[in-house]
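*Asks:* Quick note, the sequences are listed as chains L and V, same order.
Going by this note's numbering, the first residue of the first sequence is number 10, and it counts up by one from there.
Going by this note's numbering, the first residue of the second sequence is number 12, and it counts up by one from there.
Even glycine gets a Cβ: it sits at the ideal position worked out from N, Cα and C.
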Amino acid sequence: MTQASIAVSPDASVQYLLRIGDTCLILAQRLAEWCGHAPVVEEDIALSNMALDLIGQARAVLTRAGQLEAERGGEHHDEDQLAFLRDERDFRNLTLVELPRGDFAVTMLRNFAVASFLELLWQRLESSSDSELAGIAGKAVKEARYHREHAADWVVRLGDGTTESAARMKAALDGLWPYVAEIFEADTVDELAAAARIGPRWADLRDEWRARFESVIGAASLTLPADRPFRSTGKSGRHSEHLGYILAEMQHLQRSFPGGVW
Amino acid sequence: MSDALLSSRVERAWQVLGTVLDPEVPVVSVCDLGIVRDVIESEDAGLTVVVTPTYSGCPATEVIEKSIVDALEAEGLGPVRIEMRRAPAWTTDWMSEAGRTKLRAYGIAPPGPVAAAAVAPLRFVRRASTVALACPRCESTNTERISAFGATACKALWRCRACGEPFEHFKPI
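1. Using a Cβ-Cβ cutoff of 8 angstroms, what residues of the stretch 23–40 of chain L are near chain V? List them in chain order.
2. Which chain V residues are close to residue 58 of chain L, counting only those with a beta carbon under 7 angstroms from its beta carbon?
3. Report all residues from its chain with a CB closer than 7 angstroms to the CB of residue 22 of chain L; omit the five preceding and five following residues, and keep chain order.
4. If we count the other Cβ atoms within 10 Å of its Cβ and call it buried at 16 or more, is residue 38 of chain L buried or exposed?
5. Select from the stretch 65–98 of chain L all residues with a C-beta closer than 9 angstroms to any C-beta belonging to chain V, and list them in chain order.
6. Checking 8 angstroms against the spacing of the C-beta atoms, do residue 92 of chain L and residue 85 of chain L come in under that value?
7. Buried or exposed: residue 26 of chain V, going by 16 or more other Cβ atoms within 10 Å of its Cβ?
8. Strictly under 8 angstroms for the Cβ-Cβ distance: is residue 172 of chain V near chain L by that measure?
9. Applying the 10 Å Cβ sphere with the 16-neighbour rule, what's the burial state of residue 51 of chain V?
10. Have a look at residue 135 of chain L and residue 29 of chain L and give me their C-alpha separation to the nearest angstrom.
11. Residues in the same chain with beta-carbon distance under 7 angstroms from residue 1 of chain V, minus the five sequence neighbours each way, listed in chain order, please.
12. If I measure Cβ to Cβ from residue 87 of chain L and keep anything under 6 angstroms in the same chain, skipping five residues before and after, which residues do I get?
13. Output needed for residue 45 of chain V: all residues of its chain with C-beta closer than 6 angstroms, excluding positions within five of it in sequence on either side, in chain order.
14. Closer than 7 angstroms, Cβ to any Cβ of chain V: which residues of the stretch 152–169 of chain L, in chain order?
15. Taking DSSP as the reference, what is the three-state secondary structure of residue 177 of chain V?
16. Find out if the Cβ-Cβ distance for the pair residue 185 of chain L, residue 101 of chain L is shorter than 8 angstroms.
17. Would you mind working out which of L:98, L:217 and L:133 sits nearest residue 251 of chain L, comparing C-alpha positions?
18. Roughly how many whole angstroms lie between the Cα atoms of residue 6 of chain L and residue 195 of chain L?
19. Would you identify the three-state DSSP class for residue 162 of chain L, choosing helix, strand or coil?
20. First and last residue of the alpha helix (DSSP H) that includes residue 256 of chain L?
21. Going by C-alpha distance, which of V:117, V:116 and V:102 is nearest residue 123 of chain V?
22. At the level of alpha carbons, what is the spacing between residue 70 of chain L and residue 125 of chain L?
23. I need the straight-line Cα distance from residue 244 of chain L to residue 16 of chain L, nearest angstrom please.
24. Is it the case that the Cβ atoms of residue 110 of chain L and residue 116 of chain L are separated by a distance below 8 angstroms?
25. Show which residues of chain L have a CB atom less than 9 angstroms away from the CB atom of residue 168 of chain V.
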């Protein structure tokens, strides 16, 4: 017997929280893949620690999303149901975080892009009209700072390093840059959640994020690639071919053995 | 129940909580860490212990909650409820002086004030640090950070250049 999927409330505030929670959750899965494979043991530990922080943040935000579903007249779902029983199309993470982990340059550049965005987001969410979300943000913002500074140091070290490391960091930047635009793409969920004072419009964080990102990219002797019209669409549930494989592995136990516990 | 009895029950609870140790650093109590924010006698004669998480993903959180309930109930102070309060967010500034002394004796450099750490760059790759951290073994400040992440979310890895020993540092956050 397998466990059927759940349907999630289309309420904009719920969807806004799923975007945050899913982005943390899926990035955590990608970072956890480095456990036992990082270039040095300190980085192995660092990446596992960051994955754990992100899982903790995802748990708190998904829990709140499920409560909000019930408060808005929908069905209540707990963190486990939301993580393990939603189909791919109901995941709302940025496409950027589901892309394969690549080499260490790809992992570090992505961490830098996402952590510097999440740090700005958590800062704004500290004054959310939702006091529970504000509390989660107050904790997460301290963790995001560690993640951002860790990744920024590596981006500079590799970008401004040897011919080989610089070429790899440049390739990482060129490869990931097209997916960054999705973060700040405005849409109805962004507008409605901001109107409800749940959190900021992500689109409004673009300039501040870009200034911070570009200063580190400059210190790494790299230049930002040109913006292109391509837009990924993970935030609205249309994902790359990679997410399904992550979910297959992550959800397998709860799907095959419903309600199974340790 | 009179006010005097009520307060003595809460006082006894605080004494018991002073003996509940962190599972990852089993020399400091949950009170030393500053994660117990309040103990409240409820109307229905139960005790509510208000705790705050250290890190979002700290796997010790659930073990700590269970240890608190078990310890208080074993002393006849139950039934006990745990209330998780996230705001204001936990900071190492809430750690007691006694807790800091116990950490140092255990071989972990205690956290400095958060205000100073918040403005100093973390410097993950270049190991030179702007913070002069004393080795908990030989007290030399000729030390370097090896990694900002350690065996648990709350600790960083350091090394003493004077005595050559590696040691852990409880991160100010």
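*Replies:* The structure says:
1. none
2. In the first sequence, residue 58 of chain L corresponds to position 49, counting from 1. Those within 7 angstroms of residue 58 of chain L in chain V are 160 and 164.
3. Taking the first sequence and counting its residues from 1, the one referred to as residue 22 of chain L is at position 13. Excluding residues within five positions, the ones whose Cβ falls inside 7 angstroms are 77, 202, 205 and 207.
4. For the purposes of this step, residue 38 of chain L is taken as the residue at position 29 of the first sequence. It is buried - the Cβ of residue 38 of chain L has at least 16 other Cβ atoms within 10 Å.
5. 65, 66, 67, 68 and 69
6. Here residue 92 of chain L corresponds to residue number 83 of the first sequence, with the count starting at 1. Here residue 85 of chain L corresponds to residue number 76 of the first sequence, with the count starting at 1. Result no, Cβ atoms of residue 92 of chain L and residue 85 of chain L do not sit closer than 8 angstroms.
7. What you label residue 26 of chain V is simply residue 15 of the second sequence in a count that begins at 1. The residue in question, residue 26 of chain V, is exposed, as its Cβ has fewer than 16 Cβ neighbours within 10 Å.
8. Looking up residue 172 of chain V in the second sequence gives position 161. So, not an interface residue.
9. Within the second sequence, residue 51 of chain V is the residue found at index 40, counting from 1. Classification of residue 51 of chain V: exposed, given that the 10 Å Cβ count is below 16.
10. Along the first sequence, one-based indexing puts residue 135 of chain L at 126. Along the first sequence, one-based indexing puts residue 29 of chain L at 20. So the two alpha carbons sit approximately 14 angstroms from each other.
11. The structure shown does not extend to residue 1 of chain V, since chain V spans only 12 to 184, so no value can be given for it.
12. In the first sequence, the residue the question calls residue 87 of chain L occupies position 78. 75.
13. Along the second sequence, read from residue 1 onward, the residue named residue 45 of chain V stands at position 34. 105 and 106.
14. Of all residues in the stretch 152–169 of chain L, 152, 155, 158, 159, 162, 163 and 166 have a Cβ within less than 7 angstroms of some Cβ in chain V.
15. To locate residue 177 of chain V, count along the second sequence from 1; it is residue 166. Three-state DSSP puts residue 177 of chain V in a strand.
16. Along the first sequence, one-based indexing puts residue 185 of chain L at 176. Along the first sequence, one-based indexing puts residue 101 of chain L at 92. Going by C-beta atoms, residue 185 of chain L is not nearer than 8 angstroms to residue 101 of chain L.
17. Against the first sequence, residue 251 of chain L aligns to sequence position 242. Of the listed residues, the one whose Cα sits closest to residue 251 of chain L is L:98.
18. Chain L is shown from 10 up to 271; residue 6 of chain L falls before or after that span and cannot be answered.
19. Counting from one through the first sequence, the residue named residue 162 of chain L turns up at place 153. In this structure, residue 162 of chain L counts as helix in the three-state DSSP scheme.
20. Position 247 of the first sequence, counted from the start, is the residue given in the question as residue 256 of chain L. Unbroken alpha helix (DSSP H) run through residue 256 of chain L: 252–265.
21. As a first step, residue 123 of chain V must be located in the second sequence, where it is residue number 112. Closest in alpha carbon position to residue 123 of chain V, among V:117, V:116 and V:102, is V:102.
22. By 1-based counting over the first sequence, the position of residue 70 of chain L is 61. By 1-based counting over the first sequence, the position of residue 125 of chain L is 116. Using only the alpha carbons, I get a separation of about 18 angstroms.
23. Locating residue 244 of chain L in the first sequence gives position 235, counting from the first residue. Locating residue 16 of chain L in the first sequence gives position 7, counting from the first residue. Residue 244 of chain L and residue 16 of chain L have their C-alpha atoms some 17 angstroms from each other.
24. Taking the first residue of the first sequence as 1, we reach residue 110 of chain L at position 101. Taking the first residue of the first sequence as 1, we reach residue 116 of chain L at position 107. Taking 8 angstroms as the Cβ cut-off, residue 110 of chain L and residue 116 of chain L qualify as a contacting pair.
25. Your numbering for residue 168 of chain V matches position 157 in the second sequence. Chain L residues near residue 168 of chain V: 51 and 54.
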